[in-house]
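Numbering-wise, the sequence shown is residues 314 to 827 according to the numbering used here. Where a beta carbon is used, it is the ideal one built from N, C-alpha and C, also for glycine. These figures come from a predicted structure and were not determined experimentally.
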Amino acid sequence: MGGKTWSEKEEQHFWRVTIAYSAKRAGVDRAKPEKSWDLLAQEMQRAMGSEARRDYTGTMLFEHYFQNIESGRKSPNAAIYVREYQLKLDSTSRPAGRSYGRAKRRGIARTRPARSTADTRRRRATRGGLRLLSATPHATEAEGQYQSAIESESAASSTTHTDDSSSSGSGSGSSPSSSVIADEEDEEELMVKMLPFKVHHERLLSQLPSLSSRIPRMAPICLEIPVFGAGAAADAAAAGASRIELNAAGSYPAGGLTPSLEDLQAAANLDVPLRIMIRPRGPPSNAPSVSPANTHSRDFIYSDEEFEAMQRDIEKFGESGLLKVDRGDGFVFGMLRECPGVASQSSATGSNRNSLSVHTTQSEGFTAGCEVDSERCTRLVEAARPFKTVFHRAFDEIVDYERLSENDKGRLPWQDALDDLVRCGFDGILTSGGPGSAVLNVDTLNLILDEAGKTGIEIIVGGGIRSRNTPELLQELRLSERKQPIFMHSSCLLAAATDRVDSLEVEGILKHLI
């Protein structure tokens, strides 16, 4: 089982998503197509992302199912989900249920005293949890129709039973055991009648929009907080951050820089995953912008000396023994390279200027652009292994929401860039959907999330995220509907200081994510 206890998130995904498409699916899930255990293992690996505690295999998933269902030894975090799964199983499909039914028909099962008509009516009306439906603030017309149908069926069944009882009582008499067997057979017949209502009830619950807020997501939305100093890291963890991006103290104005080893030592004992920023410098003050909408440009285009410094920093942190793979620790970095310039826009007409993941803009008759530096990014990813790696907002230099020009293959520059990053081996991408705030780029962000969902790469949505605009983003980006792992990225800083975390702001964001 991977040598570790499965987390609650793993159990939730396994029993609610994986099993629903496996050979062991039950209830309404039987209508879904069956997938092999090996394929389900791959899908679960992608869905769990950084939350995965092991490398899933088909054999591992089947053994986990067998342990919890067949052997009866439930995993510590699986009990509620196993019970939920067992309720989906039709009692007549389980061997124990069939054996008990045969025993009752043969008169082997224990006899019970005859029930009154009122007892029988109450028993039938409550069978299978049919009275569990009650008026709630979320009740809908559909639920009301279902309740009426249940009550009508229950009343009809009770009337039929009363007639049968009176007619049998006027006969020559029957033995207690035969009357109990007849009653039990009638009970099983009614259970068969009620099965369509149970199935209909399950479908209603899965389709009612009013219940969506009470049904847990397959992949939870978590909050990542970038901090600028080890002291702020402890504050962020205490406030409820799911993950921390560690930057050098005082580097907020520069957009975050590589922290010191001492910063990591001070934060290494925290229980939340740490992501170390690897960025040797901020944007050059005298450099022209690659993107017309972003003044912070060319700060992701590094010299050979700067690249070597980044590689040394990754190796230094990785070899320090302070980072933990099982905690989900990793690195955040990104490198671009400048594309060849063209003398003028007119001379470039008719030529293919949109090479792989290229973002271009014109300035004073000179066309410049940038693309993912795939070769050097791959080398940094390899140096960072086995720790996770995230490509930071250098991605937004390629995504220009003002001019989304397609290449000769009909693809946008960021689509090619996303493919580049997957090939490099990155586990996630931090993006606001383009230059500026995420709330201004929701259309592009939706496209990026859709495309990333096909690859399994994690998307961290950042850029101007605050508690006041979080509900709007959740709705516009349809985050509650998505199955892929998603993080929200917000610094949550106090207005008066750049190194202090505002715990009230963290609380304000988290209440919308839960």
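- In the DSSP assignment, the residues bridged to residue 802 are 537 and 775.
- DSSP places residue 752 in the helix class (H, G or I) of the three-state scheme.
- When DSSP assignments are scanned along the region 314 to 399, no uninterrupted stretch of beta strand (DSSP E) that is 3 or more residues long falls wholly within it.
- For the options 378, 651, 806 and 698, the alpha carbon positioned closest to that of residue 687 is the one of 651.
- Going by C-alpha positions, residue 545 is about 13 Å away from residue 819.
- Per DSSP, residue 700 lies in no beta strand (DSSP E) and is assigned neither H nor E.
- In terms of Cβ geometry, residue 700 and residue 631 form a close pair [threshold 8 Å].
- The beta carbon of residue 696 is closer than 7 Å to those of 624, 627 and 628 in its chain, skipping five residues each way along the sequence.
- Residue 596 and residue 567 have their C-alpha atoms spaced approximately 7 Å apart.
- Contact annotation, residue 692 with residue 646: C-beta distance approximately 11 Å; criterion of less than 8 Å not satisfied.
- Counted as a single uninterrupted DSSP element, the beta strand (DSSP E) harbouring residue 643 occupies residues 643 to 646.
- Within a 10 Å sphere around the beta-carbon of residue 638 sit fewer than 16 other beta-carbons, which makes this residue exposed.
- Within the same chain, and ignoring the five residues on either side of residue 345 in sequence, the residues whose Cβ sits closer than 8 Å to its Cβ are 333, 334 and 338.
- In this structure, residue 690 lies near residue 648, with their beta-carbon atoms less than 8 Å apart.
- Counting only the Cα atoms, residue 552 lies some 15 Å from residue 580.
- DSSP places residue 592 outside both helix and strand once states are collapsed to three, so it counts as coil.
- Pairing residue 569 with residue 379, the inter-Cα distance amounts to about 48 Å.
- Exclusion of the five residues before and after residue 324 leaves 388, 390, 391 and 394 as the residues of its chain whose Cβ lies within less than 7 Å of its Cβ.
- Residue state for residue 712 is assigned as coil, using DSSP reduced to three classes.
- Pairing residue 773 with residue 802 gives a Cβ-Cβ distance under 8 Å.
- DSSP, read as helix, strand or coil, puts residue 625 in helix.
- Note that the C-beta distance between residue 590 and residue 621 is not below 8 Å.
- Residue 614 carries a coil assignment under DSSP once its states are collapsed to helix, strand and coil.
- Residue 537 is classed as buried because its beta carbon has at least 16 other beta carbons within 10 Å across all chains shown.
- Taking a cut-off of 8 Å for Cβ pairs, the region 786 to 795 and the region 744 to 757 touch, as three or more such pairs fall below it.
- Within the DSSP bridge table, the entry for residue 768 names no partner.
- For residue 812, the closest C-alpha among the options 336, 561 and 357 is that of 561.
- Comparing alpha carbon positions, the residue from 612, 619 and 584 closest to residue 636 is 584.
- The beta carbon of residue 398 lies closer than 7 Å to those of 328, 332 and 339 in the same chain, with the five residues before and after it left out.
- In this structure, residue 353 lies near residue 374, with their beta-carbon atoms less than 8 Å apart.
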